[in-house]
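Numbered according to my numbering, the sequence shown spans residues 52 to 210.
In this text, a Cβ means the ideal position worked out from N, Cα and C, and glycines have one as well.
Here's the structure we're looking at; comments come further down.
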Amino acid sequence: MKNKVAVVMGSISDKKTIDNCLNILEELNIEYEAKIVSAHRTPELLFNFSKNAHEEYDIVIAAAGGSAHLPGMIASLTILPVIGVPVRSSNLNGVDSLLSIVQMPGGVPVATMAIGDSGAKNAALYAARILSLSNEKIKIKLEQFIKNQTNNVLKTEVV
Numbered sequence: 052m053k054n055k056v057a058v059v060m061g062s063i064s065d066k067k068t069i070d071n072c073l074n075i076l077e078e079l080n081i082e083y084e085a086k087i088v089s090a091h092r093t094p095e096l097l098f099n100f101s102k103n104a105h106e107e108y109d110i111v112i113a114a115a116g117g118s119a120h121l122p123g124m125i126a127s128l129t130i131l132p133v134i135g136v137p138v139r140s141s142n143l144n145g146v147d148s149l150l151s152i153v154q155m156p157g158g159v160p161v162a163t164m165a166i167g168d169s170g171a172k173n174a175a176l177y178a179a180r181i182l183s184l185s186n187e188k189i190k191i192k193l194e195q196f197i198k199n200q201t202n203n204v205l206k207t208e209v210v
């Protein structure tokens with residue numbers, strides 16, 4: 052395995068959400084490459100990226116808002132696992148993005164996360180769980196992350 056994740060977003064406006072994903076990938080020392088690939092504005096780039104992604108990456112995390120076709124289109128063109136992150140939109144608060152990503156036809160799977168920041172964080176953690184199956188260093192980092200998360204909750208005092 053390459054132990055590298057591609058993190059793609061439909062536009063720069065998705066970056067604020069996807070930063071939550073990138074922060075966790077960095078915390079877990081998972082190599083990634085972030086880029087903008089628009090399903091609607093750069094279809095040839097989308098096609099070329101998706102067809103060749105397996106040469107550089109093990110997993111693709113794709114974030115998109117609105118009609119949010121990016122994760123599904125990538126999944127239709129690659130053998131790699133694709134994790135979709137619906138980005139909150141101004142019109143329908145991200146529900147349109149969620150439905151676009153989650154309602155894939157049988158045979159074209161996209162592991163769809165929650166809308167927005169939580170979804171972006173969980174996308175990174177889901178990718179880490181996949182990579183940890185064959186990478187002991189990532190597994191140890193992930194176990195420590197989970198332990199720290201638990202400890203932070205347990206030490207919180209309610210006044």
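C-alpha gap between residue i and residue j, whole angstroms
| i | j | result |
| --- | --- | --- |
| residue 149 | residue 163 | 8 Å |
| residue 98 | residue 114 | 16 Å |
| residue 212 | residue 198 | This structure gives no information on residue 212, because the portion of the chain shown stretches from 52 to 210. |
| residue 128 | residue 209 | 49 Å |
| residue 53 | residue 174 | 18 Å |
| residue 65 | residue 196 | 25 Å |
| residue 72 | residue 178 | 10 Å |
| residue 188 | residue 180 | 12 Å |
| residue 105 | residue 122 | 15 Å |
| residue 103 | residue 184 | 23 Å |
| residue 172 | residue 67 | 12 Å |
| residue 125 | residue 207 | 41 Å |
| residue 88 | residue 96 | 7 Å |
| residue 86 | residue 157 | 28 Å |
| residue 147 | residue 119 | 8 Å |
| residue 133 | residue 194 | 23 Å |
| residue 170 | residue 192 | 20 Å |
| residue 116 | residue 77 | 24 Å |
| residue 155 | residue 135 | 11 Å |
| residue 165 | residue 62 | 19 Å |
| residue 182 | residue 83 | 12 Å |
| residue 101 | residue 90 | 11 Å |
Supposed contact pair residue j and residue i - C-beta distance, whole angstroms, cut 8 Å
| i | j | result |
| --- | --- | --- |
| residue 79 | residue 111 | About 17 Å separates the two Cβ atoms, so there is no contact after all. |
| residue 176 | residue 75 | 6 Å |
| residue 56 | residue 81 | 6 Å |
For residue i, three-class secondary structure by DSSP
| i | result |
| --- | --- |
| residue 61 | coil |
| residue 208 | coil |
| residue 86 | strand |
| residue 112 | strand |
| residue 55 | strand |
| residue 103 | helix |
| residue 117 | coil |
| residue 75 | helix |
| residue 199 | helix |
| residue 81 | coil |
Report yes or no: do the region 202–209 and the region 132–141 share at least 3 C-beta pairs separated by less than 8 Å? no
Which runs of the beta strand (DSSP E) fall wholly inside the region 130–193 and span at least 3 residues, in chain order? If we require 3 residues or more, the beta strand (DSSP E) runs fully inside the region 130–193 come out as 133–138.
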